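**Student:** In the working numbering, the protein residues as written are 440 to 711.
The beta-carbon is built from N, C-alpha and C at its ideal position, and this holds for glycine as well.
A quick note: this is a predicted structure, and the numbers were derived from the prediction, not measured.
Dropping the structure in here first, questions after.
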C-alpha cells in the first residue's frame with residue numbers, strides 16, 4: 440500500500456480513530472459518542488457489569504483485574520463506577536489497539552491496558568487485586584480450570600460470564616453443528632477432575648471480528664463443572680444471573696463468587 444494512503448485528510452475527529460478499524464468494531468460507544476459509526480453491541484452499557492457491582496458491593500475504590508477487555512467497554516464502566524485502578528489484559532493486538540482508541544476517545548484515567556497473555560500474567564502474582572472481571576473468556580481457554588485456579592490464587596471476588604456445554608442444547612443448536620464440537624475428554628487440574636468438550640473455531644478464524652484465543656480450538660466445561668471448579672478453588676456465596684440456554688452462540692450464564700471464610704487463596708476450604 441502506498442504510504443500516502445495512510446494519511447488522514449479530514450478534520451481531526453473521534454470518528455477518524457474508529458475508522459482505523461472500520462468494520463471490525465463490535466461495541467457501540469456510550470453517549471455522547473453513540474453517534475460514532477462502530478459496532479452495535481451495548482458493551483459500554485452492559486447490565487451484567489451493573490449486576491456484578493451490586494452483588495460485590497460496588498466497585499468504588501477497588502483494584503480490578505479485567506481479563507479480555509475486547510474494546511474497553513467494561514473497562515469504561517468500571518472506571519465510571521469508581522474503581523480506583525483497572526488493569527485490563529488483552530492478547531489480541533487489534534483488540535488492544537481498539538482499547539487504546541477507546542481510552543483516548545473517552546479519556547479514561549484509571550484504566551491501564553496491557554498487551555499480552557493473561558494466563559502468563561496470572562502465573563506471576565506480583566500485583567494484588569480486589570475483584571476479577573472475566574467476561575467472555577473462560578470458554579476460549581484450552582484449560583479453563585487452570586484459569587479459575589490462577590484467578591483464585593490472587594483475587595478474593597470473581598465475576599464470570601461464560602458459555603458452557605449442555606449436551607441436549609448443543610445437539611439441537613444450529614450454530615454449533617458441522618464439526619464445531621468434536622470430542623470429550625476427562626481432565627484433572629490441581630486436584631479438580633472434570634470433563635472438557637472441544638470446540639473448533641473453523642471459519643471464525645477468518646474474521647477480523649474474531650474474539651477468541653490464540654488457538655484453533657478451545658474447551659468448554661459444563662455448568663456444574665464450572666461451579667464445582669470455583670468451589671474447589673475456594674469460592675462460594677454464588678449469585679447467578681443472565682442464564683440463557685437459547686443464546687445464539689450457546690448456553691451461558693453469569694456468576695459472582697466470593698472467597699469462603701477460612702479458605703486460603705487458591706486452596707480448598709481448610710479442614711475439608
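My understanding is that residue 692 touches residue 603, with C-beta atoms under 8 Å, so please give their C-beta distance in whole angstroms.
**Tutor:** Rounded, the Cβ-Cβ distance is 7 Å, consistent with contact.
**Student:** Can you list, in chain order, the residues of its chain whose CB lies under 8 Å from that of residue 699, leaving out five sequence neighbours each side?
**Tutor:** Same-chain partners within the cutoff: 673, 674, 675, 676, 708.
**Student:** Assuming residue 530 and residue 508 make a contact with CB atoms under 8 Å, what is their CB distance in whole Å?
**Tutor:** Between residue 508 and residue 530 the Cβ distance is about 11 Å, and since that is not below 8 Å, they are no contact.
**Student:** Give me, in chain order, the residues of the same chain whose beta-carbon lies closer than 6 Å to that of residue 488; leave out the 5 immediate sequence neighbours on both sides.
**Tutor:** Only 513, 516 meet the Cβ criterion.
**Student:** Over the uninterrupted alpha helix (DSSP H) stretch that includes residue 519, give me the two end residues.
**Tutor:** 512–519 is the span of the alpha helix (DSSP H), which, as asked, contains residue 519.
**Student:** Among the candidates 687, 625, 643, 654, whose CA atom is the shortest distance from the CA of residue 660?
**Tutor:** Of 687, 625, 643, 654, the residue nearest in Cα terms is 625.
**Student:** Could you check what DSSP says for residue 498 in three-state terms: helix, strand or coil?
**Tutor:** It is coil, neither helix nor strand.
**Student:** Can the beta-carbon of residue 571 be found less than 8 Å from the beta-carbon of residue 482?
**Tutor:** No, Cβ-Cβ distance for residue 571 and residue 482 is not below 8 Å.
**Student:** Taking 8 Å as the cut-off, decide whether the C-beta atoms of residue 478 and residue 486 are in contact.
**Tutor:** No.
**Student:** Ordered along the chain, which non-local residues of its own chain (more than five positions away) have a Cβ less than 6 Å from that of residue 569?
**Tutor:** Counting only Cβ-Cβ distances below 6 Å, and skipping sequence neighbours, we find 501, 502.
**Student:** Is the region 454–465 touching the region 647–655 in the sense that three or more CB pairs, one from each, lie closer than 8 Å?
**Tutor:** Result yes; three or more Cβ-Cβ pairs closer than 8 Å.
**Student:** What do you get for residue 610, buried or exposed, if any count of 16 or more other CB atoms within 10 angstroms of its CB means buried?
**Tutor:** Burial call: exposed.
**Student:** When DSSP builds the beta bridges, which residues end up paired with residue 639?
**Tutor:** Bridge partners of residue 639: 656.
**Student:** From which residue to which residue does the alpha helix (DSSP H) around residue 534 run?
**Tutor:** That run of the alpha helix (DSSP H) goes 532–545.
**Student:** Would you say residue 538 and residue 678 are within 8 Å of each other, going by their C-beta atoms?
**Tutor:** It is not a contact, given that the beta carbons lie outside the stated cut-off.
**Student:** Are residue 655 and residue 640 touching if we call contact CB-CB under 8 Å?
**Tutor:** Their beta carbons are under 8 Å apart, which means residue 655 touches residue 640 by this criterion.
**Student:** Please report the distance separating the alpha-carbon of residue 460 from that of residue 535.
**Tutor:** Going by the C-alpha atoms only, they are around 12 Å apart.
**Student:** Would you mind working out which of 564, 454, 581, 594 sits nearest residue 623, comparing C-alpha positions?
**Tutor:** Minimum Cα distance to residue 623 is reached at 581.
**Student:** Using the Cβ count rule (16 or more neighbours within 10 Å means buried), how would you classify residue 653?
**Tutor:** Exposed: under 16 other Cβ atoms inside 10 Å.
**Student:** Take residue 667 and list the residues in its own chain whose beta-carbon comes closer than 8 Å to its own, dropping the five residues that flank it on each side.
**Tutor:** For residue 667, where only same-chain residues beyond five positions count, the Cβ hits under 8 Å are 631, 633.
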